[in-house]
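In terms of the numbering used here, the sequence shown is residues 9 to 434.
Note that CB positions come from ideal geometry on N, CA and C, so glycine has one too.
Please read all numbers here as calculations on a predicted model, not as lab measurements.
Working notes for the structure below.
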Amino acid sequence: MMPSTRAPGRRSNRKSNRGVLSRCRICGCQTLEKFLSLGPSPLANNFLTAEQLRRPEPYFPLDVCFCTTCWLVQLADVVPPEAMFTEYLYLTGASQPMRLHFAGLAADLVERFSPPRGGLIVDIGSNDGTFLEQAQAHGLRGLGVEPAANVGAVAQGRGVETFTAFFNMEVAERIVREKGPARAVVATNVFAHVHDLDGFTAAVVRLLAEDGVFVIEVPYVVDMLDRLEFDTIYHEHLSYFGVRPLSLLFERFGLQVTHVSRLKVHGGSIRVYAQRPRAPAPSRAVSELVAKETAQGFGTLDTYERFAQRVKALRDELVGLLRQLKAQGARIVGYGAPAKGNTLLNFCKIGTEILDYVIDTTPFKHGRYTPGVHLPVLPETRFQADRPDYALLLAWNYAEEILKKEGVYRAQGGKFIMPIPHPAVI
Ligand code: TYD
């Protein structure tokens, strides 16, 4: 798909040359129903340098569909992955809660599957090596596959061997040849990024040892709808999974979902374990979640259309609140510069007339500007020095940690604004 572009400071009305999916990426049926449009939008992790601000910025449609056959929620428009993942500004280890989360995943793998010391664990989309560093601490042999050389270099610096590549059959075969089959293949927050789910899953099956386990973590569509987390929709996330469509996909490749657990991360995710069928029978959690998805209407278009209505109402409410505070003379900044924040800011059209800047802990993002609305990204120290009246909590998934961390700011009268599920001042 070709992007449309927007010249700095000017709206472009050029139509993009859209490469729109007509078939579901899991079941292949022509039963996709569009229920929400958030675009055109810039790429959510495309933080711009001052120099890039002067050039036209790529915009892509951001339309969300539901497949009435297999129930997969998905984007119709596919941005070429090279445009998003070759240089990546997101660092897993920049968020303390994620470091703890991945220590937990490593411990969970060891406890459930007792891989032998030196057993190969392949992490696809290994980012800065945060998870594999933990796996290696348990005596396992880690190998990362990461397309972004800049974050892969951070992992290498930590002693985590990393191949710079998009994972596919060729990479799987190279790993089997050079390192042997994997006891576990892990893909956290990467499966939703994959357009060719068939090709990816086939390559995982090639890489897995006979008794190996494939572990994925993906944001859970049920949590996204329940908590109105529409901002987790951006071009990198091509699919929004429930257990049912995932099970259907894996079955086609001879894998069975043997366990699912719900996680708090990223606003609510699922950790899904898939193994060859001679593994122990699936746990009750699997059938229970599928039954819950069915009972709660996740198989009917109506549910998604109602979500779209609620998203629009939320936008109006949030913008109304911010404008009212601004009219009273308040100074407001954005707290965190997550990708999801850029969906929210662009969809709600919240720019420099409302927020002075955003702050973030990721060094790569400092000195850059948020895509689309072009807010400067500054280090946390600026927030502490400035003490603005309000901080719009764009990184709402870390609300608990951030509210605790900013106790002094709050004690001195500073207020946070939670954007979802209902705008609230705290
Ligand atoms: P995250 O929600 O993990 O991901 P995504 O980009 O997929 O939406 O990103 C959180 C961002 O918030 C990340 O850039 C780091 C930043 N952050 C802070 O600035 N301060 C904090 O205290 C925490 C926990 C995160």
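Nearest-angstrom Cα separation, counted from Val-193 out to Asn-158: Taking the straight line from one Cα to the other gives about 22 Å.
Does DSSP put Pro-189 in a helix, a strand or coil? It is coil, neither helix nor strand.
Measure the CB-CB distance between Val-130 and Val-153 and report whether it falls below 8 Å. Between Val-130 and Val-153, the C-beta spacing is below 8 Å.
In chain order, what residues of the same chain have a beta carbon less than 6 Å from the beta carbon of Val-202, not counting five sequence neighbours either side? Result list for Val-202: Phe-208, in chain order.
Could you tell me if the beta carbon of Asp-368 falls within a distance shorter than 7 Å of some heavy atom in the ligand TYD? For Asp-368, the shortest separation between its Cβ and any heavy atom of the ligand TYD lies below 7 Å.
Would you say the beta carbon of Glu-409 is closer than 7 Å to some non-hydrogen atom of the ligand TYD? Flag set: Cβ of Glu-409 near the ligand TYD.
Roughly how many angstroms lie between the CA atoms of Arg-33 and Ala-345, to the nearest whole one? Looking at the two C-alpha atoms, the distance is approximately 30 Å.
Run through DSSP, which three-state label would Pro-66 get? If DSSP states are grouped into helix, strand and coil, Pro-66 belongs with the strands.
Best match in Val-162, Phe-261 and Cys-73 for proximity to Tyr-98 [C-alpha to C-alpha]: Of the listed residues, the one whose Cα sits closest to Tyr-98 is Val-162.
Which of helix, strand or coil does DSSP assign to Phe-222? Strand at Phe-222.
Starting from Ala-282, trace the beta strand (DSSP E) both ways and give me its first and last residue. Residues 277 to 283.
What are the boundary residues of the beta strand (DSSP E) that includes Ile-425? For Ile-425, the enclosing beta strand (DSSP E) starts and ends at 423 to 426.
Closer than 7 Å: is that where the CB of Lys-272 sits relative to any heavy atom of the ligand TYD? No, Cβ of Lys-272 sits at least 7 Å from all heavy atoms of the ligand TYD.
For Asn-25, count neighbouring C-beta atoms within 10 Å of its own C-beta (all shown protein chains included) and say buried if the count is 16 or more, exposed if not. The predicted model places Asn-25 with a pLDDT of 37, which falls under 50 and marks its position as unreliable; any figure quoted below should be read in that light. By the 10 Å Cβ count, Asn-25 comes out exposed.
Going by the C-beta, is Gln-392 closer than 7 Å to any heavy atom of the ligand TYD? Not one heavy atom of the ligand TYD is found less than 7 Å from the C-beta of Gln-392.
beta-carbon Lys-348 near the ligand TYD non-hydrogen atom, thresh 7 Å: Checking the Cβ of Lys-348 against the ligand TYD gives yes.
At a threshold of 7 Å, does Lys-413 count as lining the ligand TYD (C-beta to nearest heavy atom)? Answer for Lys-413: yes, Cβ within range of the ligand TYD.
Rounded straight-line distance, which links the Cα of Arg-63 to that of Gly-17: A caution first: Gly-17 carries a pLDDT of 39, below 50, which makes its placement in the model unreliable, though a value can still be read off. Those two C-alpha atoms are separated by around 10 Å.
Is the CB-CB distance between Gly-127 and Arg-149 below 8 Å? Cβ atoms of Gly-127 and Arg-149: closer than 8 Å.
Does the beta-carbon of Phe-416 have 16 or more other beta-carbons within 10 angstroms, so that it is buried, or is it exposed? The sequence given here has Val at residue 416, not Phe. When all chains shown are included, Val-416 counts as exposed.
What number of angstroms, rounded off, separates the C-alpha of Ala-115 from the C-alpha of Ala-143? Counting only the Cα atoms, Ala-143 lies some 8 Å from Ala-115.
I want to know whether the region 399 to 413 touches the region 343 to 360 - three or more CB-CB distances under 8 Å. At 8 Å Cβ cutoff, the stretches touch.
Do Pro-371 and the ligand TYD come close, with the Cβ less than 7 Å from some heavy atom? No, the ligand TYD has no heavy atom inside 7 Å of this Cβ.
Looking at the strands, I want to know which residues DSSP matches up with Glu-41. Paired residue(s): Phe-74.
Straight-line gap, Val-198 to Ile-434 (C-alpha atoms, nearest Å): Rounded to whole angstroms, Val-198 to Ile-434 spans 33 Å at the Cα level.
Does the distance from the CB of Pro-155 to the CB of Phe-93 come in under 8 Å? Yes, the pair counts as a contact, with Cβ atoms nearer than the cut-off.
So is Ile-425 buried or exposed if we call it buried at 16+ other beta carbons inside 10 Å? By the beta-carbon neighbour count (other beta carbons within 10 angstroms, threshold 16), Ile-425 is buried.
When the Cα atoms are used, what is the spatial distance from Ala-210 to Pro-396? For Ala-210 and Pro-396, the distance between alpha carbons rounds to 51 Å.
When the Cα atoms are used, what is the spatial distance from Leu-29 to Ala-84? Approximately 5 Å, taken between the alpha carbons.
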